Structure formats: C-alpha cells, structure tokens
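Trainee: The structure follows.
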Amino acid sequence: MVEGYNKNISSNDLKAIPDSKSGELKTWIRSLQQALTVEVDHGFTNIQGRTSKFSYFVSGYLLSIPSIAFSENDLSKLKKLALDYERYSNMSIDERRRIIAKSRHVLHDLYKYQEAEKKVDSKKLKIRRSHESILYKKSSSTDSLSLGCSISAIRGVGPKQAERLSSLGLILIRDLINYLPRDYVDYTSLKTIDKSHAGQNVTIVAKIRRCSSFKSPKNPNLSILELFIKDKTGGMKVTRFFAGRRNSSISYVKSQQSLYAVGATVAVSGLVKESRYGKSLNDPLIEIIDSPNNYLKSRTIGQIFPVYSLTEGITSDKFRDLVQSILYLTSEIEEPLPKDTLKRLDLPSKQEAFFRIHNPENSITLAKAKRRIVFEEFLLLQLSLLLRRDLHKKSNSPKLSIELSSNSLVGKFLNILPFSLTDAQKRVLKEIELDIVKAEPMSRLLQGDVGSGKTVVAISALLTAVQSGWQGAFMAPTEVLATQHYQTLSKWIPQLELNVDLLTGSTPKSRRKEILTDLVNGSTKILVGTHALFEDPVVFERLGLVVVDEQHRFGVKQRNKLLNKGLQPHLLTMTATPIPRTLALTLHGDLDISQLDELPPGRTPINTQLISPKDKKYAYDLIRSEINKGHQIYVVLPLIEESEKLELSSAIDVHHQLSTEIFSDFTVELLHGKMKGIEKQEVIRNFLNKKSDILVSTTVIEVGVDVPNASVMLIEDSDRFGLAQLHQLRGRVGRGASKSYCLLSHQNKNKLSRQRLEVLVNSNDGFEISEIDLRFRGPGQVLGTKQSGLPDFALASLADDADVLELARNEARKILDSDPVLSNNSILRSLIKQQWEKLRIGNKLN
Ligand code: ADP
Ligand code: MG
267 MVEGYNKNIS
277 SNDLKAIPDS
287 KSGELKTWIR
297 SLQQALTVEV
307 DHGFTNIQGR
317 TSKFSYFVSG
327 YLLSIPSIAF
337 SENDLSKLKK
347 LALDYERYSN
357 MSIDERRRII
367 AKSRHVLHDL
377 YKYQEAEKKV
387 DSKKLKIRRS
397 HESILYKKSS
407 STDSLSLGCS
417 ISAIRGVGPK
427 QAERLSSLGL
437 ILIRDLINYL
447 PRDYVDYTSL
457 KTIDKSHAGQ
467 NVTIVAKIRR
477 CSSFKSPKNP
487 NLSILELFIK
497 DKTGGMKVTR
507 FFAGRRNSSI
517 SYVKSQQSLY
527 AVGATVAVSG
537 LVKESRYGKS
547 LNDPLIEIID
557 SPNNYLKSRT
567 IGQIFPVYSL
577 TEGITSDKFR
587 DLVQSILYLT
597 SEIEEPLPKD
607 TLKRLDLPSK
617 QEAFFRIHNP
627 ENSITLAKAK
637 RRIVFEEFLL
647 LQLSLLLRRD
657 LHKKSNSPKL
667 SIELSSNSLV
677 GKFLNILPFS
687 LTDAQKRVLK
697 EIELDIVKAE
707 PMSRLLQGDV
717 GSGKTVVAIS
727 ALLTAVQSGW
737 QGAFMAPTEV
747 LATQHYQTLS
757 KWIPQLELNV
767 DLLTGSTPKS
777 RRKEILTDLV
787 NGSTKILVGT
797 HALFEDPVVF
807 ERLGLVVVDE
817 QHRFGVKQRN
827 KLLNKGLQPH
837 LLTMTATPIP
847 RTLALTLHGD
857 LDISQLDELP
867 PGRTPINTQL
877 ISPKDKKYAY
887 DLIRSEINKG
897 HQIYVVLPLI
907 EESEKLELSS
917 AIDVHHQLST
927 EIFSDFTVEL
937 LHGKMKGIEK
947 QEVIRNFLNK
957 KSDILVSTTV
967 IEVGVDVPNA
977 SVMLIEDSDR
987 FGLAQLHQLR
997 GRVGRGASKS
1007 YCLLSHQNKN
1017 KLSRQRLEVL
1027 VNSNDGFEIS
1037 EIDLRFRGPG
1047 QVLGTKQSGL
1057 PDFALASLAD
1067 DADVLELARN
1077 EARKILDSDP
1087 VLSNNSILRS
1097 LIKQQWEKLR
1107 IGNKLN
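Under my numbering, the sequence shown has 696 at position 430, and the numbering climbs by one with no breaks.
What follows is the structure, given as structure tokens:
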C-alpha cells in the first residue's frame, strides 16, 4: 500500500478545487508531481495504489482537468499525456521512464508559467472549464491545432498523405474525428490458437501460411478467399466470402488476396467454429499488422482497437496514430445537450463519446460512446421533423365544415357504395374529420395494409372538402394508379354531380389547357393525377385538401416540394407499405398517424407457395384451371429487358413465350414502365374489363391496381424482390371473395433467400413482414426506392437502435416544448440548420 498520490488526491477532491485560485492550481500540479515521484521510486512498476493502478490514476487525473486556468495549448499537452498514460501498462521500462520525464517537464513549465503570469497581471489568468478552452486563443504555441485546421497542418502529414485522406472526404481535423471506426479488433479477447474453442469470440494474432481464392462451386455469385494461419500453438483456417456480382469477380478477389501475403502477420477477430477438418473462423475481421512484435508488446494487449475503412496508401496503423495524435482536440467539441439531460439519460458528453469511440477503454464505455453518438443523430432528425411540423401547424389552413347528414356529399357517397365501411375505416374517417375542422393544417399519414380500403377513405375526405366549398387534389405515384383512381371516382361520382378531372404527364396539351382553366375558375372540384398536379402552371382556385396515395413512392423530396410551395391545405398521405415504427418515425416523424388495421370482411387469405423450377408445370396447370373458372392472372417480373448478367427472364420474353406457346389459347397482354401512357391505360382497361386473361407485367402494377377478379399472381425470380414489395404485389390478388394464390417462383439456389421467402408463406401481416425485411435487407431496401428520403446515419441503425430512437423522439418533444424554436440553444440550433439542409426542408429557421 503506497502513500502518496492516493493519499493526497481522490476524485472527490478534484471537484473541490475551486476556480481561479492559482494556489489551488499549484496544489493540483504538486499532487501529480508527487504521484510521479512515487512511481519513479518504485522502479516504474505501475504501482498499485489504494483504488487503482498508477497509470490509470494519472490518465484519469489528467483528463478530468478541473476548472483551473489553462491555456488551450497547455490543455492539449495534458490530454496528450493522458493518452500516453493509457498505454503505460504496456510500455517498456524505458518508455515509462521517458513519459514520466516528459510529464515532469510539462508540469514544471506549467508551474513556472503560473508563477510568472501571476506576477505580471493576475487578471490575465483565464478561468474556464477545459471544454471552454476554444474561446481562448493563444498564439504562443508551436503547434496550436484546432478542429477547423486542415489535416495537412498536423505535423508529419505531407501533401501526398493529405491528398489520399481527402479522397476519403477527410480535409479538416474535424473530419478525422467524425470519421468513425467501421469496427473494432478486441484484443481483450486475445487468444492463442490452441486456447480458442468453438463458440468463442476471439482475437488471434498469427502468421499467414497459405492464401488462395476460388469461385464457390455451388454459387456463381460467390467467391471465397481462404487463409491458413499459424501461431506458436497451432494453425487454423480463415475464410472470407465475397458475394454479389462486383465483389465476387475474380479480379476483385485477387486484389483482396494480394493484401494477404504469405508471411504477413494478421490479427483476426471473430467466432471460432470447429469441424472435423479443424478450427476455423468464417468472415472474421482481418487486420494486417505491420510489425507484429512491436505491435503486440507495446500497444495492443488488453485493448480494443478501432478499424477504419481506408483507401490504398494509408495503412491502418498510420491512420490510427494520426487520429490518436489529434484526439485531444475532442476537447474543442461543443456540447449541444444540457448537462442535466446527459445525466438523466445516462449519456456521456459529446467530447467523451468521440474520444472513446476512437480510443475505447473497454466494451462498456465504447457502447456508451456509440449510444451517445447514435442518440444525437436521431435527436437532430427528430427535432428537425418536429420543428417542421410545429411550423406547419402554425400556418392557417382552410377551415372545412362537416355535415354528416345523408344529404351531404359524403353521406350520399357512402350510400352509393355497395358495401358499408369497416370499423377501422369509420374510425380513421373520424380522425380525419376532427383534424380538418381545425384552423391548423392537418398532416396525417394513413397506414393500411394492401386491400384495407384506403381509397374510399380518401374519397370521403375529398368530398368533405368539396362540400365545404373547397377543391381537392388526389395524387398518385404512377399514371396507372392515377388513372385507376380517376375511373373509380368516375364510376361513383356522376350521381353526386361534380366535376372531376385527370391530369398526368401524358394528358394532351389541348386537354391540359382546358383542365387548368376549369381548375382556376373553380368548376373542377377534384383533380386526380400524378406529380404533374403540382408542376408549376397548375393553379387551384381554392385548394382545401391534398391526398397523396402511396406516398412512400414519392420520396421526401416531392413531399417537401409540396409543403415548401407555400400551400397550406390539409394533407392526407397514405401508404400501404406497413413500415416498422422506427422507419415511420424517421421518415414521417412530422406526421400524425392513422391506421386501418382491419381488412374488409369476406376476404379469404391468399394461398402463398414457393415454386422451384421443377414445379413450373404445377403453376401453369393452376393458372389454366383458374382462368377456366373465369378468373384472371398476373405474371410479374423484375426486369423489362433481358440482362445477360443477371440471367433473368424479361417481361417481353415471358410475354412472348406465354402468349405463343403455353397459353396460346388465352389472351395474354404485356405491361411495363417503358410503354407509352396511352398504351398502358389500354392494357389496364382491357384487364379490368376482362378482355384479357393474363397480364404479364413489371412492378408497375405494384401499387394500387385493383382488379378483384384476379385470383393468381405468379412472381418470377421472386428472390430479387424485397419482402415488403412482394407483400404489396401479392395484395393485387385476394381482393374478391374467391380463393387466391400467390406463387413465388425462385431459382432454388440459395438457402437464405428461400428462408426469406418462407416468411411470406407463413405471414399475411404486412407489419411483421416489413419488420423482418428490415433485418434481412436494411431500410433502403425495405422502402424500395433510392430516393426514399432516409437520411444517412453515420452510426445509427434503424434495425438495432429502436430504443434510442424512441428516447430521442421523446427528448426532442421535450426540448421543443420548453424552447419552441431553440432560441436558447445556439449550438443545437446551428446543428439543426445543417440537418434541414441535408433533408432539403428549406431554411425556415432564421
Ligand atoms: P388499398 O388500401 O390497398 O388502397 P383499396 O382502397 O384499393 O385498398 O380497396 C381494396 C378493395 O376493397 C377495393 O375493391 C374496394 O372497393 C374494396 N373495399 C374497400 N372498403 C371496403 C369495405 N368496407 N367492404 C368491402 N370492400 C371494401
Ligand atoms: Mg390503394
């Protein structure tokens, strides 16, 4: 038990050091000096104190610098030192001697400086907490770096290196700190090969003895790179897989192979498997170690090491050193969150989070650091969305009145319908009605699984607007769907005697002119169309309600365009993609949500089956018998034209084959996105009017198409689609009362993709399906469009961080409730502005 540093200083004492007293500062320095002396006296053995080892105590002591007068330069020196002490236990005696000497030097200078300063002018002492030191500009130093400096200002970074880094988008020191590790090698689990056993997650450092690569014999889209590694205790196989067309190409895999030269030392980190062929690691993290001996002895044992995505010419060692060398500048990072918030949510400060994410101490503090960064990513997004919503709500909207008598338009419409509304439809309609009588504009998202009957709800809402003397717009993502909505309305509306028009990209010019005139003079009450509705020359006389169908298809961009146009009508958006709540919050965090959670009665569940190539005849027989019963069939394909590489049958080819060979006795028609609008409409009309039996189509029919007589959908190459999309497609059948089938044809190549398809066989619940899809394929894929409007998160994962998202959502609401436009938090405010630019929300925050 050693007296000395522990006796004089404990972490509680640190807090007790009062601001601004240079006497206290001297005490602080002296205590540290004392601790160093004790360690020197004990021969640099990293002596165990009362509560911790010497090195741990010193690094902690240096990092929790109290509120004492330190210049920016001094602070950075102290932080650098702290970093050195974190590695102290792995240093040789010589290295330890050097760092203690250096520390004494620094402390001595500090002491001297304080003394001198006091003599000249005691008022010059600047008092501040360490993270406020950026305010203090001191020019005397030799390397006074800051986050805003260019990377090339770092000593040792030449122009070549700076250029390579800039190719990664790294220009400023700040960028380095924001460049988060893609993974970590966990040397706390360092094992020798003989001591690693199946089921353990281990890190092994060993030499490469053999390296080879080859195409998978079973799957042409998979290449395998195999290493055989050996340490003193044994050998094992390490396998990496390269899937996908580009990554599995021979040239790419060979280029990867060249990274792993025989004789090189690697650290591999992953899960151990054992079979009768011996131990192996599948797809572990592989780190090439430049100089194994130094590396192991001096730096890594017992540490978690960050691994970065890098380009050629920058080794991970160098990059890591570079990042470590400027990591002390994390003390410049501004904290957007109030202290009590951090405390309440048990989150580390932003400075600490960025420090620890690059320099993990252990898995617990690393997880906390990650959580903090993820939290902030989500928080900024939620604040943005909620702010937009609040601002939107403040604008004036058309006040609609509701008349519920059977003489009202809505009343009449509901009477005309051949069915009565489901309870869910009634409830949602109420929710909408409550919204649109308010003076603030509605922003509501109506979610409902395919076939839940959203269209009827939309029409009722539109009729309410018309009844109150306003116009309505009904926007659909495709011409096919817009046309269908128009036809639905045309079927029902004549008895209500109002003017409804259709405007799409392929509306002839002359007709278009008429429509626009009728719109401005107010004689058109409801305008249906594609996004052409909101192109520039379109002017409504009194627009009261906009309904956007299948809104996920539009992407946030188009929605923003609408909102930014200064239109403040009520807005009802609808989607059949039952997205998981995390996605909903992320994309539609500014909307109120209604759900149609009930299907109209009388639907029999769709019989879904997987069809491998050898079952094709069964599928065709089923189709034939269904047509003979008077039903119609969809055949859906992922691509329009033959793509040799993907070996997918094209819609055109399949149409040819089916119409001339297999089903030559039936009428088979073709529909795809490259056809002209008028052609498309004719094909759809024929199918709707039962003039054709089979519709061969690309995914243009994915959304909305409503032909209740169709009873079979055959989806070719179904493994190419996302589950949510397949579920959408499947929703085209099962709309009538008779039994329907969905046949998922696949190439039977890959077990995983078959498992994925099984989900559809077993579930009819859109939410469950998209939840699983999110796990299988990630959010971008679930939404099915690149323009989905999902922001890029640096670290946050919508699949894994749902709880943090909820936390951020609540916190965002709290913050805005007490500070509606963030006027009290300039740091947060400026971060939000950046976020709004990213989301193209337009800058309404001034
Ligand atoms: P989606 O929500 O997928 O847009 P649709 O609005 O196209 O669904 O409705 C699907 C089918 O169900 C349509 O044929 C529609 O006429 C019918 N439908 C809607 N509501 C009801 C109801 N309450 N009872 C019976 N059939 C209904
Ligand atoms: Mg629909």
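Idealized CB from N, CA, C, for every residue including glycine. Values in this document were obtained by computation on a predicted structure and should not be read as measured data.
Could you give the residue range of the alpha helix (DSSP H) that holds T783?
Mentor: Working through the sequence shown from its first residue, we reach residue 783 at position 517. Unbroken alpha helix (DSSP H) run through T783: K775 to V786.
Trainee: Nearer than 7 Å: is that true of the beta carbon of A727 relative to any heavy atom of the ligand MG?
Mentor: In the sequence shown, residue 727 corresponds to position 461, counting from 1. No; taking the cut-off as 7 Å, the Cβ of A727 has no heavy atom of the ligand MG nearer than that.
Trainee: Alpha carbon to alpha carbon, how far is P743 from E801?
Mentor: Taking the first residue of the sequence shown as 1, we reach residue 743 at position 477. Taking the first residue of the sequence shown as 1, we reach residue 801 at position 535. Roughly 14 Å separates the two Cα atoms.
Trainee: When you compare the region 955 to 971 with the region 928 to 938, are there three or more beta-carbon pairs, one atom per stretch, that lie closer than 8 Å?
Mentor: Counting Cβ pairs under 8 Å, three or more are found: they touch.
Trainee: Considering only C-alpha positions, which residue in the set Q522, T499, G500 and I495 is nearest to F507?
Mentor: Position 241 of the sequence shown, counting from 1, holds the residue named residue 507. Selected option, being the one with the closest Cα: Q522.
Trainee: Assuming S878 and N1014 are in contact, meaning their beta carbons sit under 8 Å apart, how far apart are those beta carbons, in whole angstroms?
Mentor: The sequence position of residue 878 within the sequence shown is 612, counting from 1. The sequence position of residue 1014 within the sequence shown is 748, counting from 1. Their Cβ separation, rounded to whole angstroms, is 4 Å, which keeps S878 and N1014 in contact under 8 Å.
Trainee: Please state whether DSSP places P572 in a helix, a strand or coil.
Mentor: What you label residue 572 is simply residue 306 of the sequence shown in a count that begins at 1. P572 falls in the strand class under three-state DSSP.
Trainee: How about L434 and I417: do their beta carbons lie closer than 8 Å?
Mentor: Along the sequence shown, read from residue 1 onward, the residue named residue 434 stands at position 168. Along the sequence shown, read from residue 1 onward, the residue named residue 417 stands at position 151. No. Outside cutoff.
Trainee: Less than 7 Å between C-beta atoms, sequence neighbours within five positions excluded: which residues of the same chain meet that for S388?
Mentor: Residue 388 sits at position 122 when you count from the first residue of the sequence shown. Confidence is the limiting factor: at S388 the pLDDT is only 34, short of 50, which leaves the residue's position unreliable, though a coordinate-based value still follows. Taken in chain order, the list of residues that qualify is empty.
Trainee: Return yes when the C-beta of V722 is under 7 Å from any heavy atom of the ligand ADP, and no when it is not.
Mentor: Locating residue 722 in the sequence shown gives position 456, counting from the first residue. Checking the Cβ of V722 against the ligand ADP gives yes.
Trainee: To which residues of the same chain is S632 closer than 8 Å at the C-beta, ignoring the five residues directly before and after it?
Mentor: Within the sequence shown, residue 632 is the residue found at index 366, counting from 1. Inspection of the sequence shows that residue 632 is occupied by Leu rather than by Ser. Here the set comprises Y450, I570, R622, I623 and P626.
Trainee: Have a look at Y594, D767 and P664 and flag the residue whose alpha-carbon is nearest the alpha-carbon of V346.
Mentor: As a working mapping, residue 346 is identified with position 80 in the sequence shown. Sequence inspection shows Lys at residue 346; the Val mentioned does not correspond to that position. Nearest C-alpha to K346: Y594.
Trainee: So, are the CB atoms of R638 and L675 less than 8 Å apart?
Mentor: Taking the sequence shown and counting its residues from 1, one reaches residue 638 at position 372. Taking the sequence shown and counting its residues from 1, one reaches residue 675 at position 409. No, the Cβ-Cβ distance between R638 and L675 is not below 8 Å.
Trainee: Can you list, in chain order, the residues of its chain with a C-beta nearer than 8 Å to that of V1070? Leave out the 5 residues immediately preceding and following it.
Mentor: To locate residue 1070, count along the sequence shown from 1; it is residue 804. Only R637, V640, F641, F644 and A1062 meet the Cβ criterion.
Trainee: Touching or not, the region 973 to 981 and the region 1020 to 1029, by the rule of three or more beta carbon pairs under 8 Å?
Mentor: Cβ pair count under 8 Å is below three, so no.
Trainee: Does the distance from the C-beta atom of P866 to that of P664 stay below 8 Å?
Mentor: Along the sequence shown, read from residue 1 onward, the residue named residue 866 stands at position 600. Along the sequence shown, read from residue 1 onward, the residue named residue 664 stands at position 398. Contact flag unset, no.
Trainee: Return the Cβ separation of S478 and S489 in integer angstroms, given the expectation that the two are a contact with Cβ distance under 8 Å.
Mentor: In the sequence shown, residue 478 corresponds to position 212, counting from 1. In the sequence shown, residue 489 corresponds to position 223, counting from 1. Actually they are not in contact, since the Cβ atoms of S478 and S489 sit about 11 Å apart, beyond 8 Å.
Trainee: Using 8 Å as the cut-off, can you tell me whether the region 782 to 795 makes contact with the region 755 to 764, which would need three or more C-beta pairs spanning the two stretches below that distance?
Mentor: Verdict: yes, contact present.
Trainee: Give the DSSP-derived three-state secondary structure of T740 in the structure shown.
Mentor: Residue numbering aside, residue 740 sits at position 474 when the sequence shown is read from its first letter. First, the residue type needs correcting, since residue 740 is Phe and not Thr in the sequence shown. If DSSP states are grouped into helix, strand and coil, F740 belongs with the strands.
Trainee: Report yes if the CB atom of K757 is closer than 8 Å to the CB atom of P707, and no otherwise.
Mentor: By 1-based counting over the sequence shown, the position of residue 757 is 491. By 1-based counting over the sequence shown, the position of residue 707 is 441. Their beta carbons are not under 8 Å apart, which means K757 does not touch P707 by this criterion.
Trainee: Apart from the five residues just before and just after T1146, which ones in its own chain have a Cβ nearer than 7 Å to its Cβ?
Mentor: In the structure as shown, the chain starts at 267 and stops at 1112, and residue 1146 therefore has no counterpart that could be examined.
Trainee: Using the C-alpha atoms, what's the distance from L446 back to R586?
Mentor: Looking up residue 586 in the sequence shown gives position 320. Looking up residue 446 in the sequence shown gives position 180. If I take the Cα positions, the gap works out to 11 Å.
Trainee: Write down the C-beta distance between F740 and L728 rounded to the nearest angstrom, noting that I regard them as a contact closer than 8 Å.
Mentor: On the sequence shown, position 474 is the one that residue 740 refers to. On the sequence shown, position 462 is the one that residue 728 refers to. Right, their Cβ atoms sit about 6 Å apart.
Trainee: Please report the residue range of the alpha helix (DSSP H) in which V805 lies.
Mentor: On the sequence shown, position 539 is the one that residue 805 refers to. Run containing V805: none; DSSP gives neither H nor E here.
Trainee: What are the boundary residues of the alpha helix (DSSP H) that K481 is part of?
Mentor: Taking the first residue of the sequence shown as position 1, residue 481 is located at position 215. That residue, K481, is in no alpha helix (DSSP H); its beta strand (DSSP E) goes N467 to K481.
Trainee: Flag this pair as yes or no: are the beta carbons of R693 and D701 separated by less than 8 Å?
Mentor: The residue you call residue 693 lines up with position 427 of the sequence shown. The residue you call residue 701 lines up with position 435 of the sequence shown. Not a contact, by the Cβ cut-off of 8 Å.
Trainee: In whole angstroms, what separates the C-alpha of D441 from that of R448?
Mentor: The residue you call residue 441 lines up with position 175 of the sequence shown. The residue you call residue 448 lines up with position 182 of the sequence shown. Computed Cα separation, rounded: 15 Å.
Trainee: Is the CB-CB distance between R837 and V805 below 8 Å?
Mentor: In the sequence shown, the residue the question calls residue 837 occupies position 571. In the sequence shown, the residue the question calls residue 805 occupies position 539. Residue identity differs from the one stated: residue 837 is Leu in this sequence, not Arg. No, the pair does not count as a contact, with Cβ atoms beyond the cut-off.
Trainee: So Y1007 and N873 are supposed to be a Cβ contact under 8 Å. How far apart are they, rounded?
Mentor: Here residue 1007 is taken as the residue at index 741 of the sequence shown, counted from 1. Here residue 873 is taken as the residue at index 607 of the sequence shown, counted from 1. About 5 Å; that satisfies the 8 Å criterion.
Trainee: Let me check one thing: in DSSP terms, what residues is I490 bridge-paired to?
Mentor: The residue labelled residue 490 in the question sits at position 224 within the sequence shown. Looking at the DSSP assignment, I490 forms a beta bridge with F480 and F507.
Trainee: Let me make sure I understand the geometry here. Which of L1097, Q1021, I1081 and N1016 has the alpha-carbon closest to that of K484?
Mentor: Residue mapping note: residue 484 aligns to position 218 of the sequence shown, counting from 1. Comparing Cα positions, the closest option is N1016.
Trainee: What alpha helix (DSSP H) runs, 4 residues minimum, are completely inside the region 295 to 379?
Mentor: List check, alpha helix (DSSP H) in window: 320 to 329 and 338 to 352.
Trainee: Would you tell me roughly how many angstroms separate the C-alpha atoms of I1098 and L857, rounded to the nearest one?
Mentor: The count along the sequence shown starts at 1 and reaches residue 1098 at position 832. The count along the sequence shown starts at 1 and reaches residue 857 at position 591. Each residue's Cα considered, the two are about 19 Å apart.
Trainee: Could you check whether G717 and R1001 sit closer than 8 Å to each other, using their CB atoms as the reference points?
Mentor: Mapped onto the sequence shown, residue 1001 falls at position 735. Mapped onto the sequence shown, residue 717 falls at position 451. Result yes, Cβ atoms of R1001 and G717 sit closer than 8 Å.
Trainee: Answer yes if the region 525 to 536 comes into contact with the region 411 to 428, meaning at least three C-beta pairs across the two stretches below 8 Å, and no otherwise.
Mentor: The region 411 to 428 is not in contact with the region 525 to 536.
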